[in-house]
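Visitor: To start, I am sharing the structure in question, which I have written as structure tokens.
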Amino acid sequence: MTALKYLQAYPPALQDQVRQLIASNRLGDYLQQRYPDRHAVQSDKALYTYAQALKQEHLRNAPNLDKVLFDNRLDLTHRALGLHTAVSRVQGGKLKAKKEIRIASLFKEAAPQFLKMIVVHELAHLKESDHNKAFYQLCEYMQPGYHQLEFDLRVYLTYRELPASL
254 MTALKYLQAY PPALQDQVRQ LIASNRLGDY LQQRYPDRHA VQSDKALYTY AQALKQEHLR
314 NAPNLDKVLF DNRLDLTHRA LGLHTAVSRV QGGKLKAKKE IRIASLFKEA APQFLKMIVV
374 HELAHLKESD HNKAFYQLCE YMQPGYHQLE FDLRVYLTYR ELPASL
């Protein structure tokens, strides 16, 4: 039985469906059918603009973003697809907090829905620091169907690690 490290928290029936798609060599077709497009956000500047637009649409009262960028150091071995940080720096006699979002570079080649899901997830941390019920409600508010996209993203990550998908 294939270990599905990205899908371990999901029910065995769902994991079995993914295993069947892998065994029949149809997982790539499933993903291509559901997510045929690739987004056009390829630079850090474009990603910042994209994230700012989502923040302005859904989280106007949240703290401002100082930096949003693709980070090629974020990878799956650190279990980080995106990262939000608040960097505190002393400027003169004041302490300034800078809000930053870093998105794993692998999302440069992903479907637009996956990029939006990751950005929404990191933006939600501006309001809710923990992965609790309020956090996921906020994610669902900003992107309806968030939970399905999170599952499909995990399926996509599983597919990326298959030897046949290289």
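For the sequence shown, my numbering gives the first residue as 254, with consecutive numbering after it.
All C-beta atoms, glycine included, are put in the ideal place defined by N, C-alpha and C.
DSSP state of Gln295, grouped into three classes?
Guide: Gln295: coil per DSSP, three-state reduction.
Visitor: Take Glu381 and list the residues in its own chain whose beta-carbon comes closer than 7 Å to its own, dropping the five residues that flank it on each side.
Guide: Taken in chain order, the residues that qualify are Ala387, Phe388, Leu391.
Visitor: Using CA coordinates, which residue listed in Asn325, Lys349, Glu393, Asn385 is at the minimum distance from Lys361?
Guide: The shortest C-alpha separation from Lys361 is found at Asn325.
Visitor: What is the DSSP secondary structure of Leu318, reduced to helix, strand or coil?
Guide: Residue state, collapsed to three classes: coil.
Visitor: In or out: Tyr399 buried (at least 16 other Cβ within 10 Å) or exposed?
Guide: Flag for Tyr399 reads buried.
Visitor: Which term fits Lys298, buried or exposed, when burial requires 16 or more other beta carbons within 10 angstroms of its beta carbon?
Guide: Exposed, by the Cβ-count rule.
Visitor: Under three-state DSSP, which class holds Lys380?
Guide: DSSP places Lys380 in coil when its eight states are reduced to three.
Visitor: Less than 8 Å separating the beta-carbons of Leu307 and Leu322?
Guide: No; because the gap between Cβ atoms is not below 8 Å, this pair is not in contact.
Visitor: Roughly how many angstroms separate the alpha carbons of Val408 and Asp269, rounded to a whole number?
Guide: Whole-angstrom Cα-Cα distance: 12 Å.
Visitor: Cα separation between Leu348 and His384?
Guide: Computed Cα separation, rounded: 28 Å.
Visitor: Roughly how many whole angstroms lie between the Cα atoms of Ala363 and Arg291?
Guide: Spanning the two alpha carbons is a distance of roughly 6 Å.
Visitor: Around the C-beta of Lys369, are 16 or more other C-beta atoms found within 10 angstroms, so that it is buried, or is it exposed?
Guide: Lys369 comes out buried.
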